[in-house]
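Chemist: Please find one structure pasted underneath; my questions will follow.
Chains as they are written, first to last, in the numbering used here: chain V, 1 to 127; chain C, 1001 to 1128.
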C-alpha cells in the first residue's frame, strides 16, 4: 500500500452541491437506510405472526409523535429510492441524459416523492 | 427492445467469471423491477386495510393475494438490498479481510431478514 500518503486536493469543502450530485448520494443513502427499514419490516411481520405483545408495543410506539415522524421519514426514503430508481432505469435505456432533462426529471422525482408520502400518510392517519 | 433482449440473452449465455460485473448489473435491474412491482402491489392491498390492527392484518393475510404480494416483495427487496450492499462495500472497503467479513455479515443479515419475513408469513397462513 502507499505509505507516503499523497495530499488530496479539496473536494467536499469546496465543490458546490448540485442537484445531480445531491440526488445521486441521496439515492445511495436512502438505499442503505432502506436495508434497515427492511429488517424492521421483517421484525414487524415476526411480531404479527408470533409475538402479539411485541406487535402492540411497536404499533403504540409508531402512534406517538416521534413514531409518526419516523413513519413519514420511512415512506419518504422508500418513495425517493423507488422513483429515483425508475430514473436510473430510464438512463439505462439511454434516455434522458440532456442536462435540462436531468434537472427536470430530478425535480420531478422530488415532487412525486413528496406527493406520494403525503398521500400515503393521509391514507394511514386520516381515513 | 429486441436489441436489448438479444444482448441480455448473449450476456447470460457467454461463459463468464463467477462474480462478473455485468451479471451483477443486470441482476440489480431485474431485482429492482421485481421489487417495484411487488411493492406497489403490496401497498395497494395494504391500503384496503386502513385501520392497522392485529385482527385486520391477520384477516388481510388470510387472502393468498396478500401473502404472495408481501412474500414476493420480501424476496425481491432483500435480493436487491443484498446486491446494493455488495456494491457499497466494494466501493468503500478495500482491505481484503475486512471486505470478506463485511460481505459475509451483510449476506447473512439479508438471508436472515428474508427468512424471518417469509417464515412469519408462513406462520400467519398456517395459524389462520
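Glycine residues also receive a C-beta, built at the ideal position from the N, C-alpha and C atoms.
In this text, all values refer to a predicted model and were calculated from it rather than measured experimentally.
Can you confirm whether the stretch 1085 to 1105 of chain C touches the stretch 1032 to 1052 of chain C when touching is taken to mean that 3 or more C-beta pairs between the two stretches lie within less than 8 angstroms?
Modeler: With the cut-off at 8 angstroms, the stretch 1032 to 1052 of chain C and the stretch 1085 to 1105 of chain C do not touch.
Chemist: Compare the Cα-Cα distances from residue 1037 of chain C to each of C:1113, C:1069, C:1080 and C:1127 and report the closest residue.
Modeler: Residue 1037 of chain C sits at position 37 when you count from the first residue of the second chain. Closest option to residue 1037 of chain C, Cα to Cα, is C:1069.
Chemist: Identify whether residue 1093 of chain C lies in helix, strand or coil by the three-state DSSP scheme.
Modeler: The residue labelled residue 1093 of chain C in the question sits at position 93 within the second chain. DSSP places residue 1093 of chain C in coil when its eight states are reduced to three.
Chemist: Could you check what DSSP says for residue 92 of chain V in three-state terms: helix, strand or coil?
Modeler: Within the first chain, residue 92 of chain V is the residue found at index 92, counting from 1. If DSSP states are grouped into helix, strand and coil, residue 92 of chain V belongs with the helices.
Chemist: Give the interface partners of residue 46 of chain V over in chain B, defined as CB-CB distance under 9 angstroms, in chain order.
Modeler: The displayed structure is made up of protein chains V and C, and chain B is not among them.
Chemist: Where does residue 12 of chain V sit, in a helix, a strand or coil, going by DSSP?
Modeler: The sequence position of residue 12 of chain V within the first chain is 12, counting from 1. Coil, per DSSP.
Chemist: Of all the alpha helix (DSSP H) runs that stay within the bounds of the stretch 65 to 109 of chain V, which reach a length of 4 or more residues?
Modeler: Here the runs fully enclosed are 65 to 92.
Chemist: Of all the residues that make up the stretch 78 to 107 of chain V, which are near chain C by a beta-carbon distance shorter than 9 angstroms?
Modeler: Here the close residues are 78, 82, 85, 86, 88, 89, 92 and 93.
Chemist: Going by DSSP in three states, residue 1036 of chain C sits in which element: helix, strand or coil?
Modeler: In the second chain, residue 1036 of chain C corresponds to position 36, counting from 1. In the structure shown, residue 1036 of chain C sits in a helix (DSSP, three-state: H, G or I).
Chemist: Helix, strand or coil, according to DSSP, for residue 1064 of chain C in the structure here?
Modeler: Translated into the one-based positions of the second chain, residue 1064 of chain C becomes position 64. Looking at residue 1064 of chain C - three-state DSSP - the assignment turns out to be helix.
Chemist: Helix, strand or coil: which one does DSSP assign to residue 1053 of chain C?
Modeler: Your numbering for residue 1053 of chain C matches position 53 in the second chain. Here residue 1053 of chain C sits in coil by DSSP.
Chemist: Counting contacts by CB-CB distance shorter than 8 angstroms, is residue 1071 of chain C in contact with chain V?
Modeler: On the second chain, residue 1071 of chain C is found 71 positions in, with the first residue counted as 1. Not one chain V Cβ lies under 8 angstroms of residue 1071 of chain C.
Chemist: May I ask you to list, following chain order, the residues of the stretch 20 to 52 of chain V that have a beta carbon less than 8 angstroms from some beta carbon of chain C?
Modeler: So the close ones are 28, 31, 32, 34, 35, 38, 39, 41, 42, 43, 45, 46, 48, 49, 50 and 52.
Chemist: Would you be able to state if there are at least three C-beta pairs under 8 angstroms between the stretch 97 to 115 of chain V and the stretch 76 to 86 of chain V?
Modeler: Taking 8 angstroms as the limit for Cβ pairs, the verdict is that the stretch 97 to 115 of chain V does touch the stretch 76 to 86 of chain V.
Chemist: Find the residues of chain V that neighbour residue 1054 of chain C, judging by a C-beta separation of less than 9 angstroms, and give them in chain order.
Modeler: Start at 1 with the first residue of the second chain, and residue 1054 of chain C comes out as number 54. Result: 48, 52, 55, 56 and 59.
Chemist: At what residues does the alpha helix (DSSP H) containing residue 60 of chain V begin and finish?
Modeler: As a first step, residue 60 of chain V is located in the first chain; it is residue number 60 there, counting from the start. Counting along the chain, the alpha helix (DSSP H) containing residue 60 of chain V begins and ends at 52 to 62.
Chemist: Does residue 1111 of chain C come out as helix, strand or coil in the three-state DSSP assignment?
Modeler: In the second chain, the residue the question calls residue 1111 of chain C occupies position 111. DSSP places residue 1111 of chain C in helix when its eight states are reduced to three.
Chemist: Which of the three DSSP states is assigned to residue 43 of chain V in this structure?
Modeler: Your numbering for residue 43 of chain V matches position 43 in the first chain. Reduced to three states, the DSSP call for residue 43 of chain V is helix.
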